[in-house]
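Just so we're aligned: 51 in the UniProt record's numbering is position 51 of the sequence shown, and the numbers increase by one with no gaps anywhere. Glycine is no exception: its CB is placed at the ideal position from the N, C-alpha and C atoms. Please read these numbers as outputs of a predicted model, since none were measured by experiment. Presented below is the structure to which this report refers.
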Amino acid sequence: MGRAPLPIGTWGKIRTYVDKVDDKGKPIRHRAVTQFRDFNGRTRQVEAHGKTATAAANALREKLQRRVSTGKAGELTGMHRFSAAADLWMARFKGMVEDGRRSAGSLDTYERQMRHVLPALGEVRLGEVKTPLVDKVIAAIKTDAGAPTAKTCRSIISSVMGLVVRHGVIDINPVREVDRIEAPPKKPPRALTEAEQVTWLSALRADPQAVRKDLPDLTLFMLGTGVRIGESLAVLWEQIDLQSEEVAITHTVIRVRGQGLIRKTTKSAAGVRTLALPPTLVFMLRRRFVPGTQLERPVFPDSIRGLRDPSNVRRDIRHARGEDALAWLTSHAFRKTTATVLDAAGHSARQVADQLGQARVSITQDHYLARRVRNPHAAEVIDQALRHTLDSMSEGGENHG
Numbered sequence: 001m002g003r004a005p006l007p008i009g010t011w012g013k014i015r016t017y018v019d020k021v022d023d024k025g026k027p028i029r030h031r032a033v034t035q036f037r038d039f040n041g042r043t044r045q046v047e048a049h050g051k052t053a054t055a056a057a058n059a060l061r062e063k064l065q066r067r068v069s070t071g072k073a074g075e076l077t078g079m080h081r082f083s084a085a086a087d088l089w090m091a092r093f094k095g096m097v098e099d100g101r102r103s104a105g106s107l108d109t110y111e112r113q114m115r116h117v118l119p120a121l122g123e124v125r126l127g128e129v130k131t132p133l134v135d136k137v138i139a140a141i142k143t144d145a146g147a148p149t150a151k152t153c154r155s156i157i158s159s160v161m162g163l164v165v166r167h168g169v170i171d172i173n174p175v176r177e178v179d180r181i182e183a184p185p186k187k188p189p190r191a192l193t194e195a196e197q198v199t200w201l202s203a204l205r206a207d208p209q210a211v212r213k214d215l216p217d218l219t220l221f222m223l224g225t226g227v228r229i230g231e232s233l234a235v236l237w238e239q240i241d242l243q244s245e246e247v248a249i250t251h252t253v254i255r256v257r258g259q260g261l262i263r264k265t266t267k268s269a270a271g272v273r274t275l276a277l278p279p280t281l282v283f284m285l286r287r288r289f290v291p292g293t294q295l296e297r298p299v300f301p302d303s304i305r306g307l308r309d310p311s312n313v314r315r316d317i318r319h320a321r322g323e324d325a326l327a328w329l330t331s332h333a334f335r336k337t338t339a340t341v342l343d344a345a346g347h348s349a350r351q352v353a354d355q356l357g358q359a360r361v362s363i364t365q366d367h368y369l370a371r372r373v374r375n376p377h378a379a380e381v382i383d384q385a386l387r388h389t390l391d392s393m394s395e396g397g398e399n400h401g
């Protein structure tokens, strides 16, 4: 059985020989020799010289190290560690974020989840990353950090190894055969009934802390438009047209590590839309728009008139809902309520998706029709529901003006 070949980018035992002697036969130059397996797979002899055997051996080692560095420059090989490929992939992803092709929020998520991936795979050489190892790593992450984190880590590892495949290091992405991660489905949000809307809005207006947190108007805005919580917090006064009774939804607010809160464009083209404002919201917004209001300021700002953190608003909603009948309530319920109102009024799935800023309902609509949609009929239907809710509050003794 033949001897196993050297791993690519490594060398064998270094041997030294006397290469030259002086007139008296004293060695004055030595030669160090070894076999080196190059990055094209070929094994060849490499040598270096020095005054002594040690100097020759050291010179050969330096030569070999330079050869390894040169062979690795600008590419990946089976001898590279997973961390090197991850760094290269992350650098490319950052470039796409800077070009606006990827979300800064996704970059922040991937950077955070790398702390689960790199301790397990960072020092493994790319030629050693096999499906059983990846499967074991992802299973351990699921046990330690949960299924959602494991899914993200699986995606990261797959993307990194996809880059490795494109570099020709391996032929097949080892993540391809890893079992899909199954997790109990999340409990879908449900719509608020009319009675629950009355209960929620009444509780907010009776809660001094909720009023101070501006939850009554913010809730009404989300119920009246169906926009996401980050989208509602990103709306500036210059995007509100009280004459034509429209609002332009173009951005969302996210928190990025190292940058703080930023206002970024919506994740998809479908998210950029113009919505008709129900008269109930127009009345509320006219009340909020006091003389001297700066148009570049958020409609729903924080305490110092800047961007408001969606995570803090979600926390405020949790505090306001308490542990009673509405303990299940989240901001997603407001979008679900808007969608339910439109669906009950006979609006098509495409029209509801346009209101909510969701893309995949009709391929024809997505590819051939304009995405900035003004649907006045949606505003009329939503306004009828809001007025009915507010009228019910008035009958109960609440002043909704």
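Counting along the chain, the unbroken beta strand (DSSP E) around residue 275 starts and ends at 273-276. In the three-state reduction of the DSSP assignment, residue 24 falls in the coil class, being assigned neither a helical nor a strand state.
Between the C-alpha atoms of residue 211 and residue 282 there is a straight-line separation of about 19 Å. Counting along the chain, no beta strand (DSSP E) covers residue 131; the unbroken alpha helix (DSSP H) around it starts and ends at 131-145. Separation of residue 22 and residue 50 (C-alpha to C-alpha, rounded to the nearest whole angstrom) is 15 Å. Bounds of the beta strand (DSSP E) holding residue 265 are 260-265. Our two residues, residue 284 and residue 217, have alpha carbons roughly 7 Å apart in a direct line. Taking 8 Å as the upper bound for CB-CB distance, residue 254 and residue 247 are not in contact here, some 20 Å apart. Cα atoms of residue 334 and residue 192: separation of roughly 7 Å, rounded to the nearest angstrom.
Membership of residue 247 in the beta strand (DSSP E) is indicated by the continuous run 246-249. In the three-state DSSP reduction, residue 330 falls in the coil class, being neither helix nor strand. Going by DSSP, residue 46 is part of the beta strand (DSSP E) stretching over 43-50.
Residue 141 is positioned such that its CB atom lies closer than 8 Å to that of residue 153. The DSSP-derived three-state label of residue 33 is strand. Taking each of 62, 19, 223 in turn and checking the Cα distance to residue 336, the smallest one comes out for 223.
By the CB criterion at 8 Å, residue 93 and residue 81 fall outside the cutoff. Under the three-pair Cβ rule at 8 Å, the region 116-133 counts as touching the region 170-181.
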